[in-house]
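A.B. asks: If you read the sequence shown in my numbering, its first letter stands for residue -14, the second for the next number, and so on.
For each residue, glycine too, the CB sits at the ideal point set by N, CA and C.
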Amino acid sequence: MRKHIVAGNWKMNLAYDEAEELLDALTQKLDEQPLDENTMMIICPSFPYLELAEDYCHVDPDDEENEDTYFMVGAQDVSANDNGAYTGEVSAEMLESMAMDFCIVGHSERRAYFGESDEMIAKKVNKLLEHYISPIVCCGEVLAEREAGKQFDVVRKQITDGLFHLNADEFANIVIAYEPVWAIGTGKTATPEQAQEMHAFIRSLIAEKYGKEVADNCSILYGGSCKPGNAKELFANPDVDGGLIGGASLKADDFMAIATAF
Ligand code: 13P
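(1) Examine the Cβ distances between the segment 226 to 242 and the segment 197 to 214 and report whether three or more of them are shorter than 8 Å.
(2) With hydrogens ignored, establish whether the beta-carbon of N215 is closer than 8 Å to any heavy atom of ligand 1.
(3) In this structure, does DSSP put I169 in helix, strand or coil?
(4) What are the residues that DSSP puts in a beta bridge with H(-11)?
(5) In its own chain, which residues sit with a C-beta less than 6 Å from the C-beta of E39, not counting the 5 before and 5 after it?
(6) Beta carbon of E94: closer than 8 Å to some heavy atom of ligand 1?
(7) Please specify which runs of the beta strand (DSSP E), each continuous and at least 3 residues long, are wholly inside the segment 138 to 209, giving them in chain order.
(8) Give a yes or no on whether the C-beta atoms belonging to L113 and L80 are separated by under 9 Å.
(9) Looking only at its own chain, which residues have a Cβ that is under 7 Å from the Cβ of W167, when we skip the five neighbours before and after it?
(10) Ligand 1 and G100: does the residue's C-beta get closer than 8 Å to at least one heavy atom of that ligand?
(11) If I follow the unbroken alpha helix (DSSP H) through F247, where does it start and stop?
Here you go:
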């Protein structure tokens, strides 16, 4: 059975002490109400807070033998280059050396504001896999594309150009997040039917390329104004395996309510 995943994308939010407070509140809630075994929580803070999140993620930080964690930690982006003269960039090798398990790639904000192409996203995916980090690869159409009925073409191209150079073994490490751009931070959520329709389409693309088993094992997350009030009906769909959560991941109560909505 593929994993249920709830991933918090903190984006460029929180001062250091606020991040500490949120992690305090979250781990306290996870002590009171542990997640079920098939649900994985991932926290993706900004680069300067990765180590802090790592410090909080172990249930018993003093017991080195005990690998129980409250959540996994992921970065929000990675460089497409190896270490070297790229001021301001963070490499996959650095993330590996900090024991990162996941990294978001190709978020629509990076595509829109930093000009990331599918080709660059493919390079970032390769770097992450070289360093044993699972990419959470984002795709999704903008409003004009949906209104023109082009959403499936757009997502097909993003998935094909960003990921389908991988072989089946490599692809097994990929998590996909479908985030319709018109639903991000707008309060407008895709309907459960719209989400299921696109997730099933993405899974069919994977099945066509890599076969049914690989497709059935791939977790496909929904992102875009996912909140405690709508998570249950979104996650109830057979092809929606969880969420990539922005705003609501900044509040411990809301994020926990989403993480327990399966
Ligand atoms: P919101 O949940 O704030 O709409 O953001 C979604 C998102 O972009 C997660 O990556």
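C.D. replies: Quick look at the numbers:
(1) yes
(2) For N215, the shortest C-beta to heavy atom distance toward ligand 1 is 8 Å or greater.
(3) coil
(4) T24
(5) V58
(6) yes
(7) 160 to 163, 205 to 207
(8) yes
(9) Around W167: V127, L128, R131, K173.
(10) no
(11) Where F247 is concerned, there is no enclosing alpha helix (DSSP H), given that its DSSP letter is neither H nor E.
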